[in-house]
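Enquirer:
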Amino acid sequence: MGVSTSIPKGTRDFGPVEMIRRNYIFDIIRTVFRKYGYLPIETPAMENLTTLLGKYGEEGDKLLFKVLNSGDYLSKSNQHNLENITSGALTQLITKKGLRYDLTVPFARYVVQHRAEITFPFKRFQIQPVWRADNPQKGRYREFYQCDVDVIGSDSLFNEYELIQIINCVFSELGIRNIIKVNNRKILLGIAEILKEDKRFIDITKAIDKLEKIGIEGVNREMEQKGVSGNAIDKLQPILFLEGDTNTKLGKLKEILKNSVIGIEGVKEMETLFSYINLASLKSIVELDLTLARGLNYYTGAIIEVKATDHQIGSLCGGGRYDDLTSIFGLKGVSGVGVSFGAERIYDVMQILDLFPGKGEENVDIMFVNFGSNEECYSIKALTKLWKAKGISAGLYPDPIKIKKQMAYANTMNISFVAFAGEDEEKKGVITFKKMVSGDESKVRISNIIGDVRKLMKD
RNA sequence: GUGGUUGUAGCUCAGUUGGUUAGAGCGCUGGAUUGUGGUUCCAGAGGUCGCCGGUUCGACCCCGGUCUUCCACCCCA
Numbered sequence: 016m017g018v019s020t021s022i023p024k025g026t027r028d029f030g031p032v033e034m035i036r037r038n039y040i041f042d043i044i045r046t047v048f049r050k051y052g053y054l055p056i057e058t059p060a061m062e063n064l065t066t067l068l069g070k071y072g073e074e075g076d077k078l079l080f081k082v083l084n085s086g087d088y089l090s091k092s093n094q095h096n097l098e099n100i101t102s103g104a105l106t107q108l109i110t111k112k113g114l115r116y117d118l119t120v121p122f123a124r125y126v127v128q129h130r131a132e133i134t135f136p137f138k139r140f141q142i143q144p145v146w147r148a149d150n151p152q153k154g155r156y157r158e159f160y161q162c163d164v165d166v167i168g169s170d171s172l173f174n175e176y177e178l179i180q181i182i183n184c185v186f187s188e189l190g191i192r193n194i195i196k197v198n199n200r201k202i203l204l205g206i207a208e209i210l211k212e213d214k215r216f217i218d219i220t221k222a223i224d225k226l227e228k229i230g231i232e233g234v235n236r237e238m239e240q241k242g243v244s245g246n247a248i249d250k251l252q253p254i255l256f257l258e259g260d261t262n263t264k265l266g267k268l269k270e271i272l273k274n275s276v277i278g279i280e281g282v283k284e285m286e287t288l289f290s291y292i293n294l295a296s297l298k299s300i301v302e303l304d305l306t307l308a309r310g311l312n313y314y315t316g317a318i319i320e321v322k323a324t325d326h327q328i329g330s331l332c333g334g335g336r337y338d339d340l341t342s343i344f345g346l347k348g349v350s351g352v353g354v355s356f357g358a359e360r361i362y363d364v365m366q367i368l369d370l371f372p373g374k375g376e377e378n379v380d381i382m383f384v385n386f387g388s389n390e391e392c393y394s395i396k397a398l399t400k401l402w403k404a405k406g407i408s409a410g411l412y413p414d415p416i417k418i419k420k421q422m423a424y425a426n427t428m429n430i431s432f433v434a435f436a437g438e439d440e441e442k443k444g445v446i447t448f449k450k451m452v453s454g455d456e457s458k459v460r461i462s463n464i465i466g467d468v469r470k471l472m473k474d
């Protein structure tokens, strides 16, 4: 059988059918991004580990794919005692690069590095693969595409509103019903503050984030395990179950958080954001969800997550505001917001809900039968004329094998028309076109081949 | 990283409580009068039963390791 043809865990090949569907998704996303005034950039697959490490929390660091140094990297570390070295210390010696884990951190690096050339506010989008050494699972791969839109260098909440519009637009064009959940890290921070548990802020938010999954008892248990005081847990309960629409929730929160400056700030931000949202009529449902936390450490303000209403697969899109990401790279006072669409999950959802447009793009319109050297000139002449027509895909079967075989090929390839340009046709100046689905044959004049074929294809 | 699960022809799967030449359907290849497919009929090719090692007179089936699949946890798109 030869050498093994397997590919690494969590990676996939994409055949023609999948590629056409994936490109359908990318095209819609790209077009929407452009419409809202964002411009494309790309960054390398590899970054220096110094730019990647420490941005995604401890867990995130573990999931980074590292790239081995080139050359005889061990010879340079001979001065160290390799026999007693820990794998962590060894790693530092032999790898300095890693595959990107997301697009936001490389983007922040890009902004700082190119700050002189960039005019702020800078609106960009980026559609590229990212890699995570995670264990594969439903909707999770080790290599997957993200489609990021970010605006950096503006504090305005209008940007958050614009992103929500973009999300609404993308998913409505793709036909995916969805719910956009919005929250604000400042509100969560405020809650931790009034619970007097600021230090366990991350633990608390992570626990709350699981409410839907593990229920209130599970959340409480987890907080207890992390050392959150019973008093704080009790105080948290009514906040978790705030009832009513977004406005009344915000009103109650204002009361609860009145002693937290940061908390009130978060509430006010949400108030203005929702006042913008209420101006528009969106297909997506937008709601304030206090249980939304989002793990990525660098978010500081609004956080956003999108879920499909008709299929459970984790979030299709997520993001938020990050105030300090560029300051890590030495550029202070530049705030950014952005969201990231997950192409593979969108693909999976569309596949399951059967949302891809009907077939048609996937196949070739016309295949000329190859009759052999005596007649091929006539076929080539006709085909070459057809190639000048926009929107018609056509080819000649390359080898003069049995007609039966050629027909069978056209059949399995889903070709719409088979064209016969042989001796008989050449004498009369016509070409026989056979419509494969019906078997009907009709003659087309070579003098007016494009016009006649167009007419045929319309029927 | 933790726990479970999967791996037999190109694909979907049978199979033997360990015993000589491992099966089906679909697909593929060739044929059924020379310029016509999707139906039918006939014939044929294709597997060191994921990989490595162990137990055994003997293993595809038992044991260990490893890789892979799918799932849950962790975390996340």
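Terminal number for the first sequence in the working numbering: 474, no gaps in between.
Backbone N, C-alpha and C define an ideal beta-carbon position, used for all residues, glycine too.
In whole angstroms, give me the CA-to-CA distance for Ile328 and Ile464.
Expert: If you take the alpha carbons of Ile328 and Ile464, they lie about 50 Å apart.
Enquirer: When DSSP labels each residue in this structure, what does Asn38 get in the three-state scheme?
Expert: Helix, per DSSP.
Enquirer: Helix, strand or coil: how does DSSP classify Asn193 here?
Expert: Strand at Asn193.
Enquirer: Compare the Cα-Cα distances from Arg200 to each of Asp325, Ile318, Gly30 and report the closest residue.
Expert: Among Asp325, Ile318, Gly30, the Cα nearest to that of Arg200 is on Ile318.
Enquirer: Counting only the same chain and skipping the five closest in sequence on each side, list residues whose C-beta sits under 6 Å from that of Ile248.
Expert: Cβ within range, chain order: Asn235, Met238.
Enquirer: From Val145 to Leu67, what does the alpha carbon distance come to, in whole angstroms?
Expert: Each residue's alpha carbon lies about 12 Å from the other.
Enquirer: Assuming Lys153 is part of the alpha helix (DSSP H), what are its boundary residues?
Expert: From DSSP, Lys153 is part of no alpha helix (DSSP H); its letter is neither H nor E.
Enquirer: Apart from the five residues on each side of it in sequence, which residues of its chain come closer than 6 Å, Cβ to Cβ, to Ala404?
Expert: The answer, listed in chain order, is Ile465.
Enquirer: Considering Cα atoms alone, identify which of Phe256, Lys250, Ala207 is closest to Gly230.
Expert: Closest by alpha carbon: Phe256.
Enquirer: Please go through the same chain and pick out, in chain order, the residues whose beta-carbon is closer than 6 Å to the beta-carbon of Arg36, but skip the five residues on each side of it.
Expert: Closer than 6 Å at the Cβ level, and outside the excluded window around Arg36, lie Phe371.
Enquirer: Please name the residue or residues paired with Ala434 in a DSSP beta bridge.
Expert: In DSSP, Ala434 forms a bridge with Phe383, Phe448.
Enquirer: Pairing CB atoms from the stretch 44-54 with CB atoms from the stretch 385-397, are three or more of them under 8 Å?
Expert: As far as the Cβ criterion goes, the stretch 44-54 does not touch the stretch 385-397, which means the pair count is below three.
Enquirer: Would you list the one or two residues that DSSP bridges to Thr110?
Expert: For Thr110, which the question treats as bridged, DSSP gives the partners Leu83.
Enquirer: Do you know whose CA, among Gly113, Leu78, Thr65, lies nearest Asn84's CA?
Expert: Looking at the Cα atoms, Gly113 is the closest of the given residues.
Enquirer: Report the three-state DSSP secondary structure of Met365 (helix, strand or coil).
Expert: Reduced to three states, the DSSP call for Met365 is helix.
Enquirer: So, Asp325 versus Leu297, is the Cβ gap smaller than 8 Å?
Expert: No, the Cβ-Cβ distance between Asp325 and Leu297 is not below 8 Å.
Enquirer: By the three-class DSSP mapping on this structure, what secondary structure does Arg139 have?
Expert: Arg139 falls in the strand class under three-state DSSP.
Enquirer: For Gln240, tell me which candidate among Leu251, Glu227, Lys250, Ala222 has the shortest Cα-Cα distance.
Expert: Selected option, being the one with the closest Cα: Ala222.
Enquirer: Look up Tyr160 in the DSSP assignment and give the residues it is bridged to.
Expert: In the DSSP output, where bridge partners are listed per residue, Tyr160 has Pro144.
Enquirer: What did DSSP end up calling Pro121 once you bin it into helix, strand or coil?
Expert: Pro121 falls in the helix class under three-state DSSP.
Enquirer: Determine the burial state of Leu268: buried for a count of at least 16 other Cβ atoms within 10 Å of its Cβ, exposed for fewer.
Expert: The residue is buried, with at least 16 neighbouring Cβ atoms inside 10 Å.
Enquirer: Could you check where the beta strand (DSSP E) with Arg460 kicks off and where it finishes?
Expert: Arg460 -> beta strand (DSSP E) spans 456-460.
Enquirer: Tell whether a beta-carbon distance below 8 Å holds between Lys449 and Phe432.
Expert: Yes, they are a contact pair.
Enquirer: Given a cut-off of 8 Å on the beta-carbon distance, is the pair Val127 and Phe137 in contact?
Expert: Not in contact: Val127 and Phe137 (Cβ atoms no closer than 8 Å).
Enquirer: For Glu62, list the residues DSSP reports as bridge partners.
Expert: Bridge partners of Glu62: Gly113.
Enquirer: Measuring alpha carbon to alpha carbon, tell me which of Ile22, Val384, Leu272 ends up nearest Pro413.
Expert: Answer by Cα proximity: Val384.
Enquirer: Compare the Cα-Cα distances from Leu251 to each of Ser102, Leu303, Leu210 and report the closest residue.
Expert: Answer by Cα proximity: Leu210.
Enquirer: If you drop the 5 nearest sequence neighbours on each side, which residues of the same chain put their C-beta closer than 7 Å to that of Gly75?
Expert: For Gly75, where only same-chain residues beyond five positions count, the Cβ hits under 7 Å are Tyr116.
Enquirer: With distances taken from CA atoms, which of Gln141, Asn426, Lys442 is nearest Ile493?
Expert: This structure does not reach residue 493, given that the chain is present from 16 up to 474, and the question cannot be answered.
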